[in-house]
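Trainee: In UniProt numbering, the protein residues as written are 1 to 141.
1. Can at least three beta-carbon pairs, one atom from the stretch 83-103 and one from the stretch 124-140, be found at a separation below 8 Å?
2. Assign residue 43 to buried or exposed, taking buried as 16 or more other Cβ atoms, counted over all protein chains shown, within 10 Å of its Cβ.
3. Which of helix, strand or coil does DSSP assign to residue 71?
4. By Cβ distance, which residues of its chain are closer than 6 Å to residue 129, with the 5 residues on each side in sequence left out?
5. In the structure shown, what three-state DSSP assignment does residue 23 receive?
6. Counting along the chain, where does the beta strand (DSSP E) carrying residue 112 start and finish?
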């Protein structure tokens with residue numbers, strides 16, 4: 001009989017404590033801190049004619065392999081590899097005149113060709129990267 005009373009008391013205490021927990025969960029002022037990570041927010045506010053779409057930033061253009069015999073003399077070209085830079089939020093007054101510029105070290109004999117940045121032994125020499133617009137015209141660097 002005593003065991004029955006102890007069981008009822010335990011059940012009653014558990015019921016009261018679960019009611020207290022339920023009340024605390026319903027209280028929106030309770031804050032629970034969980035350590036587990038950091039979120040970084042990155043962005044810029046700019047005064048520019050357009051904004052570069054986030055998918056166009058930090059691109060890697062895969063050029064593939066080009067046989068050295070294909071670039072045997074000055075002016076030889078490999079196959080073109082396309083890439084796009086998507087602009088957002090362009091000011092309608094200037095969007096028709098939007099332009100891009102690429103910065104980098106140029107090949108000594110050609111200011112419209114970017115030099116390769118590899119100094120490893122056996123790397124290609126006298127080779128660069130030309131960036132052309134959609135009509136095939138060179139883009140100034």
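Glycine included, every Cβ here is placed at the ideal spot set by N, Cα and C.
Mentor: Once the coordinates are examined:
1. yes
2. As a first step, residue 43 is located in the chain shown; it is residue number 43 there, counting from the start. Exposed, since its Cβ has fewer than 16 Cβ neighbours within 10 Å.
3. Within the chain shown, the letter at position 71 stands for residue 71. Residue state, collapsed to three classes: helix.
4. By one-based count along the chain shown, residue 129 stands at place 129. Cβ within range, chain order: 114.
5. Counted from its first residue, the chain shown places residue 23 at position 23. In this predicted model, residue 23 has a pLDDT of only 48, less than 50, meaning its place in the structure is not dependable enough to derive any value.
6. Numbered from its first residue, the chain shown carries residue 112 at position 112. Element bounds for residue 112: 110-115.
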